[in-house]
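Reading through the structure tokens given below for one structure.
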Amino acid sequence: MTGRKRMSNCDEATAEPDKQAGSLKLKTARTLKWNTVDRLASQVLYGVVGVVLANVLSQEDFGLVGALLVFQAFAIIFADSGFGAALLQKKEPTQEDYSSVFWFNLVVSVAIYALLWFTAPAIADLFQGDRRLIPLSKVMFLTFVLNALAIVQTNRLMKRMDVKMIAVSNVIAQVSGGALGIVLALAGYGAWALVWQSVALAGIKTAILWLTGGWRPTCWIRMDSMRQIWRIGLSVFSSSMLNTVFLNIYSLVIGAAYSLRSLGVYSQADKWSKMGSASLSQVLTASFVPLLSRFQDDADDFRRYVGKINRFTAFVVFPALLGLAAVGDTLFHTLFADKWDAAIILFRILCVRGVFVVLTSLYGNYMLSKGYGRSLFAIEVIKDAAIAVAILATVFSRDVEILVWGQFFASFATWLVVVGMTGHKVGYPVGRMISDLLPFLLASLIMWTGCWVLSLVTLPAIVVLALQIAVGAALYVGIMCLFRSPELRECSTYLFGRFRR
């Protein structure tokens, strides 16, 4: 009887970890599902609303709001101060931690809003003295106060791996904000349509999270809580600030030194090109760190997986981004007629530049997987220095296209330096790093040529676009089949095999 009891206790002890592991797997699966729903829905809604507004509003309207977005980006970083990421990093945040960060974020965001309210005339002076920016900024900057109210609510759900309501709130807010923006744009409100769209999106998302999150602050700012998360928060804040400076510097330079119309054209090209490069970077690079981390102590396996990841990334990135650049003309004419023709060449340059941005991000993940965390900061410094040199070399041309070409060459130069640094750090020869890319680059250039020939056909833009996509895809896949690309086989197995299970 005693033996049975002991065995029963043993079984219970064994079952408890299994139960916890199963629960964790279920939470992980749900998190992945809702994160995927959130990302896909956001991209689709963002694209649909963006197309409608781009057809209704003027280039100057987008330039006015683009000027304000530069300041809003910095205000958001200051409002959060890195403490949101620090809460996610901390193993078991307490109620005091959450409450302290909430009140800190709120106080800082209100203080920054007050500062920007009084400096609105100076902001207008910076951008050609356009006084329309003063009332627009006073409303637009409400968004980062509203977003600050949602930081802790969002982080608590992420910490619990319960992100369903984050996805739901994002979708509802995007639908509502997008609908409001379209209605105001059609009613002739110009740049105000974009401003109220942003305010509505932030306000609705925050309201839903507060109504459904079930959390309320219970105390004021506790200094002991703030000290515990300050170090991590400061590191995140510093890195984010440096990154944000150089993400927005082109908008600042174009708006201040050229014109708000030029800024509107650039912002459209930048927005649509980033929908391709940013999505690919998130999907392809972030998922490789956990995989490579398993082999960081096994040099042979690590190098083998680096080669496989190099080739798979090139297999996807080259045709996607070079393909977007190739169909840029017919894509813009299909979506916007000839309204945004000035943005087409910028869009093409930025799409090709996106290849080097994705690859540089990938190489940073290689070094992170090997434990070279400081190298990421070195990459950021190299990238920012290259951008600064490119701006100084091209800003006096008074030509936005030349400025964007400088941005392209800055990214290319950064990639050259980083590929050499990565090869040395991870023990993978630089020659192999580059040779891994060449077959897919050549196949994509052949695809590009086919798309270019089709662009000479005199047919409606939407028909030409459909032909370019079909023929371009057939050319690329055909070349991969001809040379029996293992990446094509792996991709096909994943899409048509695993998804059937």
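Numbering (this note's numbering), first residue to last: 26 to 526.
Don't be surprised by glycine CBs; every beta carbon is placed ideally from N, CA and C.
Just so we're clear, the structure is a prediction, and the values are computed from it rather than from any experiment.
Spatial distance of residue i from residue j (CA atoms)
{"i": "residue 14", "j": "residue 410", "result": "Here the chain has residues from 26 to 526 only, and residue 14 is not among them."}
{"i": "residue 504", "j": "residue 358", "result": "29 Å"}
{"i": "residue 208", "j": "residue 392", "result": "48 Å"}
{"i": "residue 513", "j": "residue 490", "result": "24 Å"}
{"i": "residue 474", "j": "residue 218", "result": "40 Å"}
{"i": "residue 355", "j": "residue 87", "result": "22 Å"}
{"i": "residue 190", "j": "residue 67", "result": "14 Å"}
{"i": "residue 167", "j": "residue 136", "result": "12 Å"}
{"i": "residue 462", "j": "residue 326", "result": "20 Å"}
{"i": "residue 276", "j": "residue 91", "result": "7 Å"}
{"i": "residue 423", "j": "residue 283", "result": "7 Å"}
{"i": "residue 195", "j": "residue 164", "result": "21 Å"}
{"i": "residue 291", "j": "residue 152", "result": "15 Å"}
{"i": "residue 224", "j": "residue 202", "result": "8 Å"}
{"i": "residue 511", "j": "residue 333", "result": "10 Å"}
{"i": "residue 363", "j": "residue 79", "result": "11 Å"}
{"i": "residue 442", "j": "residue 432", "result": "16 Å"}
{"i": "residue 337", "j": "residue 464", "result": "11 Å"}
{"i": "residue 509", "j": "residue 502", "result": "10 Å"}
{"i": "residue 445", "j": "residue 488", "result": "44 Å"}
CA nearest to the CA of residue i, picked from the options
{"i": "residue 390", "options": "508, 450 and 161", "result": "450"}
{"i": "residue 286", "options": "446, 84, 479 and 375", "result": "84"}
{"i": "residue 414", "options": "404, 428 and 153", "result": "428"}
{"i": "residue 470", "options": "164, 342, 509 and 448", "result": "342"}
{"i": "residue 339", "options": "421, 78 and 458", "result": "458"}
{"i": "residue 466", "options": "384, 82, 160 and 436", "result": "384"}
{"i": "residue 240", "options": "134, 220, 300 and 179", "result": "179"}
{"i": "residue 95", "options": "289, 234, 245 and 181", "result": "289"}
{"i": "residue 499", "options": "441, 344 and 431", "result": "344"}
{"i": "residue 120", "options": "434, 97 and 243", "result": "243"}
{"i": "residue 374", "options": "347, 476, 448 and 456", "result": "347"}
{"i": "residue 407", "options": "432, 438, 421 and 378", "result": "438"}
{"i": "residue 75", "options": "123, 214 and 296", "result": "296"}
{"i": "residue 448", "options": "387, 485 and 361", "result": "387"}
{"i": "residue 404", "options": "376, 434, 378 and 440", "result": "440"}
{"i": "residue 69", "options": "486, 330 and 301", "result": "301"}
{"i": "residue 231", "options": "245, 199 and 497", "result": "199"}
Whole-Å CB distance - residue i paired with residue j, under 8 Å assumed
{"i": "residue 274", "j": "residue 425", "result": "No, residue 274 and residue 425 are not in contact; Cβ-Cβ is about 14 Å, not under 8 Å."}
{"i": "residue 156", "j": "residue 149", "result": "6 Å"}
{"i": "residue 228", "j": "residue 171", "result": "5 Å"}
{"i": "residue 162", "j": "residue 145", "result": "5 Å"}
{"i": "residue 131", "j": "residue 173", "result": "6 Å"}
{"i": "residue 480", "j": "residue 372", "result": "Actually they are not in contact, since the Cβ atoms of residue 480 and residue 372 sit about 14 Å apart, beyond 8 Å."}
{"i": "residue 222", "j": "residue 211", "result": "So it is not a contact: roughly 13 Å between Cβ atoms."}
{"i": "residue 493", "j": "residue 351", "result": "7 Å"}
{"i": "residue 460", "j": "residue 381", "result": "17 Å between Cβ atoms; not a contact."}
Assigned secondary structure, residue i (DSSP; H/G/I helix, E/B strand, else coil)
{"i": "residue 482", "result": "coil"}
{"i": "residue 153", "result": "coil"}
{"i": "residue 324", "result": "helix"}
{"i": "residue 508", "result": "coil"}
{"i": "residue 243", "result": "coil"}
{"i": "residue 447", "result": "helix"}
{"i": "residue 285", "result": "helix"}
{"i": "residue 362", "result": "coil"}
{"i": "residue 408", "result": "helix"}
{"i": "residue 330", "result": "helix"}
{"i": "residue 462", "result": "coil"}
{"i": "residue 82", "result": "coil"}
{"i": "residue 523", "result": "Reliability of the predicted coordinates at residue 523 is poor, the pLDDT of 46 falling under 50, and no value is obtained from them."}
{"i": "residue 337", "result": "helix"}
{"i": "residue 352", "result": "coil"}
{"i": "residue 402", "result": "helix"}
{"i": "residue 160", "result": "helix"}
{"i": "residue 10", "result": "Nothing about residue 10 can be read from this structure; the chain reaches only from 26 to 526."}
Beta carbon proximity, residue i to chain D, threshold 8 Å
{"i": "residue 364", "result": "No chain D appears in this structure, which consists of one protein chain only."}
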